[in-house]
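One structure is given below, encoded as structure tokens.
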Amino acid sequence: MTSPRTTKAPPRTLLAALLSPRFLLTAWPWRALAHSANTMFVGLAVAVVAMPVYLPWTLIGGMLLKRPWDTLSTGPMAAGFLGGLAMVVVFSPLIALPLGALERRRLALVTRGPFPGGHRVPEPGLWAWIRTRSTEGATWREIGYMVLLIPVALLTCVVLGSLFSAAMVFAAGPLLADEARGAQVALGLVTITSSAEAVPYTLLAPVALVALLYASAILAQVHAVIARALLVGPPKDELRAELSQVTQSRARLVNAFEYERRRIERDLHDGAQQRLVALSVDLGLARLDLEEGGEADRRVAAAQANADELIDELRELVRGIHPRVLTDRGLTAALEELADRCPVPTRVDARIPGRPPAHVEGTAYFVVAEALTNVSKHTGAAAVTVHASTSPGAPGLPDTLLVEVTDDGEGGAEPGNGSGLTGLKDRVAVMGGTMELSSPVGGPTRIRVELPCGPIPPTPLF
207 MTSPRTTKAP PRTLLAALLS PRFLLTAWPW RALAHSANTM FVGLAVAVVA
257 MPVYLPWTLI GGMLLKRPWD TLSTGPMAAG FLGGLAMVVV FSPLIALPLG
307 ALERRRLALV TRGPFPGGHR VPEPGLWAWI RTRSTEGATW REIGYMVLLI
357 PVALLTCVVL GSLFSAAMVF AAGPLLADEA RGAQVALGLV TITSSAEAVP
407 YTLLAPVALV ALLYASAILA QVHAVIARAL LVGPPKDELR AELSQVTQSR
457 ARLVNAFEYE RRRIERDLHD GAQQRLVALS VDLGLARLDL EEGGEADRRV
507 AAAQANADEL IDELRELVRG IHPRVLTDRG LTAALEELAD RCPVPTRVDA
557 RIPGRPPAHV EGTAYFVVAE ALTNVSKHTG AAAVTVHAST SPGAPGLPDT
607 LLVEVTDDGE GGAEPGNGSG LTGLKDRVAV MGGTMELSSP VGGPTRIRVE
657 LPCGPIPPTP LF
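Per the working numbering, numbering through the sequence shown is continuous, rising by one, with the last residue being 668.
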């Protein structure tokens, strides 16, 4: 009985094939040779196309090598350097981006994919595309690859060209000797005078060809490592998984923060506030046993007044942490209460069927509260309008809560001038929403917030 013969699986990568004794019997030598041959042509094309971009710096380099003592402090050299820098910044991405796309396709010859580019999806519009591409790291890595490609292509051309020429000279040695008719013919480091002397060297032609295949494979492998490091970004599935983890952790942190806010509000409302109310009542009862108008009565009355003021301040603090009306009656009632407390006449237009999630209601409430505070302190407005509504989401997506606060003040609001707008934007961003500010000088000022009404993970148990 004979056991079945096991066949070794072919190498799946160029590096594995290089380390295998059966390297020459696989398709990898020819794939590597095709990649290296393409590299020489692509490098030549890039050198020709990119030469105008680097021409100013090339001229400066020539001036420095020729007469450095005359050019170190001259204006033309500084102008050439700045002009070259502008050329590189403006035109290099236009060459590097298509080159990166081409090189990622060529990588399939010598390594396994996928080969995502790592570029972000820009917003619509030419300027948005330019801004996105010029500020992302993937573009500048492709520019670095473009700079490295020219010396890599030159090295590939020298090594493979030398080995190929040596193989051809060794193979054609007898013919060259016959044509020379007794004259000396150089075959590398040796010279011959007859075809008989050249015959033994023809055996070196296959050796040179084998060396050519191994050299092209080594060069292609090194090239692939450089290209993968500079041109290939993280896989989209990995990015999606990381984004999902970040989103979930952010939602858990937000939920935990809201839980702590409500716990503090409950402790203050049911603990410290109730004790202060009881203290005020006790002081009022104590005054009944004192002589009206006496010194002790005045002191107890002052203490009771201070306690009542402290109760009012604590009630405002509790309302700022998490208003009870928001929990009990919803966002519409909470916005109307904010409008009643605002010193600027405020009109509320709220059309919210049902109740959004608690974290969405809380965010919308505090956005409006901060916006109304800014209006009363900074704008000099005579009227404010608060609009709140929900719009249905696309199929499979949650509804969106839209909140707008518009005032007729003097305008000119900026997120970075201490108005609290940066904090508002951060709070909205944590919830996955967006905030837009329109505040031209002279007014009006409009804050528009969109919040997705999606679920978040359950509240953690403490």
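Ideal Cβ positions, reconstructed from N, Cα and C, are used throughout, including at glycine.
Same chain, Cβ closer than 7 Å to ARG228, five either side skipped, listed in chain order: For this step, residue 228 is matched to residue 22 along the sequence shown. Answer for ARG228: no residue qualifies.
Whole-Å CB distance - GLU656 paired with THR640, under 8 Å assumed: Translated into positions along the sequence shown, residue 656 becomes position 450. Translated into positions along the sequence shown, residue 640 becomes position 434. Sure, about 5 Å apart at Cβ, within 8 Å.
Beta bridge counterpart(s) of ILE653 as assigned by DSSP: Counting from 1 along the sequence shown, the entry for residue 653 is found at position 447. DSSP output for ILE653 lists VAL611, LEU643 as bridge partner(s).
Contacting residues, own chain, Cβ-Cβ under 7 Å from ASP614 (five flanking each side not counted): Here residue 614 refers to the residue found at position 408 of the sequence shown. Correct list, in chain order: ALA587, ALA588, ALA589, GLY649, PRO650.
6 Å CB neighbourhood of GLY660 in its chain, flanking five on each side removed: Within the sequence shown, residue 660 is the residue found at index 454, counting from 1. Hits under 6 Å: PRO604.
For LEU544 and ALA570, believed in contact at Cβ under 8 Å, the rounded distance: Position 364 of the sequence shown, counted from the start, is the residue given in the question as residue 570. Position 338 of the sequence shown, counted from the start, is the residue given in the question as residue 544. About 11 Å separates the two Cβ atoms, so there is no contact after all.
Among ARG318, TYR351, PRO217, LEU231, nearest to GLY249 - alpha-carbon criterion: Locating residue 249 in the sequence shown gives position 43, where the first residue counts as 1. Ranking ARG318, TYR351, PRO217, LEU231 by Cα distance to GLY249 puts TYR351 first.
Cβ neighbours of ALA417 in the same chain (closer than 7 Å, five flanking residues each side left out): Translated into the one-based positions of the sequence shown, residue 417 becomes position 211. Correct list, in chain order: LEU369.
Rounded C-alpha distance that separates GLU497 from GLY490: Counting from 1 along the sequence shown, the entry for residue 497 is found at position 291. Counting from 1 along the sequence shown, the entry for residue 490 is found at position 284. Their backbone Cα atoms lie some 13 Å apart in a straight line.
Distance, VAL252 Cα to PRO304 Cα: The residue labelled residue 304 in the question sits at position 98 within the sequence shown. The residue labelled residue 252 in the question sits at position 46 within the sequence shown. One C-alpha to the other measures close to 11 Å.
LYS705 burial status per 10 Å Cβ neighbour count (16 or more: buried): This structure gives no information on residue 705, because the portion of the chain shown stretches from 207 to 668.
For SER595, the first and last residue of its enclosing beta strand (DSSP E): Counting from one through the sequence shown, the residue named residue 595 turns up at place 389. Per DSSP, SER595 belongs to the beta strand (DSSP E) from 590-597.
PRO216 to GLY343 span [Cα, whole Å]: Here the question's residue 216 lines up with position 10 in the sequence shown. Here the question's residue 343 lines up with position 137 in the sequence shown. Their Cα atoms are separated by approximately 37 Å.
The segment 233-240 / the segment 255-265 touching (three or more Cβ pairs under 8 Å): no
Contact under 8 Å by Cβ, SER644 with GLY618: As a working note, residue 644 is residue 438 in the sequence shown. As a working note, residue 618 is residue 412 in the sequence shown. The answer is no: Cβ separation not under 8 Å.
Spatial distance of LEU360 from LEU425 (CA atoms): As a working note, residue 360 is residue 154 in the sequence shown. As a working note, residue 425 is residue 219 in the sequence shown. Their backbone Cα atoms lie some 11 Å apart in a straight line.
Distance, ARG326 Cα to ASN580 Cα: If you number the sequence shown from 1, residue 580 lands on position 374. If you number the sequence shown from 1, residue 326 lands on position 120. ASN580 and ARG326: Cα-Cα distance of roughly 36 Å.
Expected contact under 8 Å - CB spacing of GLY568 and LEU532 to nearest Å: For the purposes of this step, residue 568 is taken as residue 362 along the sequence shown, with counting starting at 1. For the purposes of this step, residue 532 is taken as residue 326 along the sequence shown, with counting starting at 1. Their Cβ separation, rounded to whole angstroms, is 7 Å, which keeps GLY568 and LEU532 in contact under 8 Å.
8 Å Cβ cutoff met for VAL573 and LEU630: Taking the sequence shown and counting its residues from 1, one reaches residue 573 at position 367. Taking the sequence shown and counting its residues from 1, one reaches residue 630 at position 424. Yes; because the gap between Cβ atoms is below 8 Å, this pair is in contact.
Opening and closing residue of the alpha helix (DSSP H) in which ALA564 lies: Within the sequence shown, numbered from 1, the residue matching residue 564 stands at position 358. Where ALA564 is concerned, the enclosing alpha helix (DSSP H) stretches over 564-580.
Buried or exposed (CB count within 10 angstroms, at least 16 for buried), PRO262: Mapped onto the sequence shown, residue 262 falls at position 56. Buried: at least 16 other Cβ atoms inside 10 Å.
Nearest to ILE653 (by Cα), restricted to the options GLU610, ALA635, PRO412: Residue numbering aside, residue 653 sits at position 447 when the sequence shown is read from its first letter. Measuring from the Cα of ILE653, the nearest candidate turns out to be GLU610.
Residue span of the alpha helix (DSSP H) that contains ASP534, given as start and end: Mapped onto the sequence shown, residue 534 falls at position 328. Note, ASP534: alpha helix (DSSP H), 530-535.
CA-to-CA distance, LEU221 to THR362, given in whole angstroms: Mapped onto the sequence shown, residue 362 falls at position 156. Mapped onto the sequence shown, residue 221 falls at position 15. In a straight line, the C-alpha of THR362 is about 18 Å away from that of LEU221.
Buried/exposed call for PRO299, threshold 16 Cβ in 10 Å: Stepping through the sequence shown from its first residue, residue 299 is reached at position 93. Label assigned to PRO299: buried.
Backbone secondary structure at LEU278 - three-state DSSP: Against the sequence shown, residue 278 aligns to sequence position 72. Caution is warranted here: a pLDDT of 49 is assigned to LEU278, below 50, making its placement in the model unreliable, and no coordinate value can be reported.
GLU515, buried or exposed, once every other Cβ within 10 Å from all chains shown has been counted against 16: Against the sequence shown, residue 515 aligns to sequence position 309. That one is exposed.
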